[in-house]
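Working notes for the structure below.
Numbering (the working numbering), first residue to last: 3 to 224.
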């Protein structure tokens, strides 16, 4: 098995191994598939592909060739403590009731009104704010991944004014709410991943912006 350090560059490692004819048979990659597509196996006619949900391999599909298989699914958003939110709203909390930023702001206020409970925990790690939360901004610029990538390039080139971008403005408003009601707003860089998981499980916060990878950890902390 070939492993990378936490600060390692996967693409550089893969290209170096290909150059030395030592590329591994199976690799876990994301955006690197676009750069290495001429070296990857086509799964489009394999039986195993039938077990993958439609849409989960769109990002590695090129000219009807499917150059990889999904091995996991991740999503991110506000994880919440059901008991805390039930108490805050005075009944059974329904997540579908939060459809606007005003709805979210009101929920934050209701949770904050509880004794010794904060509305939300905001993790300061770069992969959480940078890779997860910022992903929401870029993933919602257009209707599909190609259009999103075009929008990203336009933003990088300075062709799009973020001040005039409605998705950016909405994203920033949500972030401002998260900062305002953050449990650690006096020391926003202080909380660790474990701190937030324990706070959510213990009912010290109502919500935590995080990804599905926290599931087992949250259960263990309950």
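The beta-carbon is built from N, C-alpha and C at its ideal position, and this holds for glycine as well.
Within its chain, find whatever has a CB closer than 6 Å to the CB of residue 121; leave out the 5 residues flanking it on each side and keep chain order. Position 119 of the chain shown, counting from 1, holds the residue named residue 121. The residues are 110, 113, 114, 183, 208.
Which stretch, first to last residue, makes up the beta strand (DSSP E) that contains residue 2? In this structure the chain extends from 3 to 224, so residue 2 is not present and cannot be described.
Helix, strand or coil for residue 82? Go by DSSP, reduced to three states. As a first step, residue 82 must be located in the chain shown, where it is residue number 80. It is a strand residue.
Report buried or exposed for residue 2, applying the criterion of at least 16 other Cβ atoms within 10 angstroms of its Cβ. The structure shown does not extend to residue 2, since the chain spans only 3 to 224, so no value can be given for it.
Tell me whether residue 224 sits in a helix, a strand or coil according to DSSP, three-state version. Taking the first residue of the chain shown as position 1, residue 224 is located at position 222. Because the pLDDT of residue 224 is 46, which lies under 50, any placement of that residue in the model is unreliable, and the question is left without a value.
By how many angstroms is the C-alpha of residue 117 removed from the C-alpha of residue 11? Locating residue 11 in the chain shown gives position 9, where the first residue counts as 1. Locating residue 117 in the chain shown gives position 115, where the first residue counts as 1. The alpha-carbon atoms of residue 11 and residue 117 are separated by roughly 45 Å.
What three-state label does DSSP hand residue 124 in the structure shown? The residue you call residue 124 lines up with position 122 of the chain shown. Residue 124: strand per DSSP, three-state reduction.
Limits of the unbroken alpha helix (DSSP H) element including residue 147: The residue you call residue 147 lines up with position 145 of the chain shown. Counting along the chain, the alpha helix (DSSP H) containing residue 147 begins and ends at 147-158.
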